[in-house]
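Student: Submitted below is the structure of interest, expressed as structure tokens.
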Amino acid sequence: MDTTGITLAILSALFMGTIGVFSRITELPAETITFFRLLLGAGFLAIFLLATRQAGTLRRWPTWPVIVNGALLAGFIIFYVQAMNLTSMANAIMLVYLAPVAASIFAHCFMRERLNLAGWILIGLAMLGFAAMMEFRLDFADGSNHAAGLGLAALAMLCYASFILMNRRIRPHVPVMTRAFYQLLVGALVMLPFFLHTRPEITPVNGLWLLATGLIPGFLAITFAVAALSRLPAATFGTLAYFEPLAVVFFGWSLFGENLSGLQLAGCATIMGTGCAKALIASRTGSS
């Protein structure tokens, strides 16, 4: 079992889930949060490489798949945020988190990362647990542009699935840190016009929160995700990615007093059990 890859995937999902916390605390526009998340994430990674005397890896050409993945990362975030502006958060999340399943099925069909029966069952259980967290509800209130919102959520899902798959196609000779840095940097460059369009006032306190945003859901979360994807099949990473909505629900409950129903708690337990079972099966069989 690649315990390092599994640990990195879980930590990445948990750190990814903190972005909502920083967004709610700062109350800054999503474009600003995303831009600094990616730009400062690249900056923190560059500092880390300098401190560990690995900066020379950044002089290597990262290859086109890495560049494309940076754009996919930005596209995923942009479409996801805009989808939540047009439809409910539950609707957007339900569509976006079909991405790990779509990536797993694509990898099974076209990338020789075969899913066995246990893999299919665990993916299904992860989806069931996630749907339970959302209480099996889609909100179609009158007066909102839900069709456009759902369309943008579908685009976000495609970008996220492509991000997972593209990372699996990057050649092994490209160092993980090189991949992560250029994906963060390219994503920040894609977000730059959106940030310049809004250009909100940033207080010193919010500046400190933005630094934390660049460190945790930026540098740590995305670097860990890229490292995990270099080690794990798409199906394993996709199953463990469901720890992110689990983290979002936990932070909402513990920090902002958002109540959890019995059905939501059951969904959380299902996701945790699915992730543990996936890791246990991988340790015994080495399968995806």
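Position one of the sequence shown corresponds to residue 114 (the numbering used here), numbered consecutively onward. Cβ atoms here follow ideal geometry from the backbone N, Cα and C, with glycine treated the same way.
Answer with buried or exposed for V318, where buried requires no fewer than 16 other C-beta atoms within 10 angstroms of its C-beta.
Tutor: Under this definition V318 is an exposed residue.
Student: Do L152 and A390 have their C-beta atoms closer together than 8 Å?
Tutor: Contact flag unset, no.
Student: Which first and last residues belong to the alpha helix (DSSP H) in which I234 is found?
Tutor: First-last of the alpha helix (DSSP H) with I234: 230-246.
Student: Looking at the structure shown, is V287 part of a helix, part of a strand, or coil, going by DSSP?
Tutor: In the structure shown, V287 sits in coil (DSSP, three-state: anything other than H, G, I, E or B).
Student: Can you say whether F418 is buried or exposed, counting buried as having 16 or more other CB atoms within 10 angstroms of its CB?
Tutor: Residue 418 lies beyond the stretch modelled for the chain, which goes from 114 to 401, so this question has no answer here.
Student: Could you tell me if L163 is buried or exposed, where buried requires 16 or more neighbouring beta carbons within 10 angstroms of its beta carbon?
Tutor: L163 comes out exposed.
Student: H259: buried (16+ other C-beta within 10 angstroms of its C-beta) or exposed?
Tutor: The residue in question, H259, is buried, as its Cβ has 16 or more Cβ neighbours within 10 Å.
Student: Just mark W174 as buried or exposed, buried being the case when its beta carbon has 16 or more other beta carbons within 10 Å.
Tutor: Answer is exposed; the Cβ neighbour count stays below 16.
Student: Is the beta carbon of A184 less than 8 Å from the beta carbon of F294?
Tutor: Contact flag unset, no.
Student: Who are the near neighbours of M279 in its chain, counting only those whose CB is closer than 7 Å to its CB and skipping five residues on each side?
Tutor: Once the five neighbours on either side are set aside, the close Cβ partners of M279 are P178, V181, N182, L185.
Student: Out of P285, E140, A126, point me to the one whose CA is closest to I315's CA.
Tutor: Closest option to I315, Cα to Cα, is E140.
Student: Do the segment 357-377 and the segment 226-237 make contact, defined as three or more Cβ pairs closer than 8 Å?
Tutor: Taking 8 Å as the limit for Cβ pairs, the verdict is that the segment 226-237 does not touch the segment 357-377.
Student: When DSSP labels each residue in this structure, what does N372 get in the three-state scheme?
Tutor: Three-state result, N372: coil.
Student: Using a Cβ-Cβ cutoff of less than 7 Å, which residues in the same chain neighbour Q167 once the five nearest sequence positions on both sides are dropped?
Tutor: Here the set comprises M290.
Student: To the nearest angstrom, report how far apart G133 and T147 are at their CA atoms.
Tutor: Their backbone Cα atoms lie some 11 Å apart in a straight line.
Student: Hey, quick one: how far does the alpha helix (DSSP H) through F148 stretch, first residue to last?
Tutor: Looking at the DSSP string, the run of the alpha helix (DSSP H) that includes F148 is 143-164.
Student: Is it a yes or a no for the segment 116-126 touching the segment 322-340, going by three-plus beta-carbon pairs under 8 Å?
Tutor: With the cut-off at 8 Å, the segment 116-126 and the segment 322-340 touch.
Student: Helix, strand or coil for G262, going by three-state DSSP, please let me know.
Tutor: Helix.
Student: For L393, count neighbouring C-beta atoms within 10 Å of its own C-beta (all shown protein chains included) and say buried if the count is 16 or more, exposed if not.
Tutor: Classification of L393: exposed, given that the 10 Å Cβ count is below 16.
Student: Buried or exposed: which applies to D255, given that a residue is buried once 16 or more other Cβ atoms fall within 10 Å of its Cβ?
Tutor: Per-residue confidence for D255 stands at a pLDDT of 46, beneath the threshold of 50, marking its modelled position as unreliable; no derived number is given.
Student: What three-state label does DSSP hand I394 in the structure shown?
Tutor: If DSSP states are grouped into helix, strand and coil, I394 belongs with the helices.
Student: Select from I384, Q377, T383, A382 the residue whose C-alpha is nearest the C-alpha of R250.
Tutor: Nearest C-alpha to R250: Q377.
Student: Is G327 helix, strand or coil by DSSP?
Tutor: G327 falls in the helix class under three-state DSSP.
Student: Compute the distance between the beta-carbons of A347 and A212, then report whether it is under 8 Å.
Tutor: Against a cut-off of 8 Å, the Cβ pair of A212 and A347 comes out as no contact.
Student: Is the beta carbon of F192 sitting closer than 8 Å to the one on P358?
Tutor: The answer is no: Cβ separation not under 8 Å.
Student: Taking the continuous alpha helix (DSSP H) assigned at P213, which residues delimit it?
Tutor: It spans 212-223 - the alpha helix (DSSP H) in which P213 sits, taken as one unbroken run.
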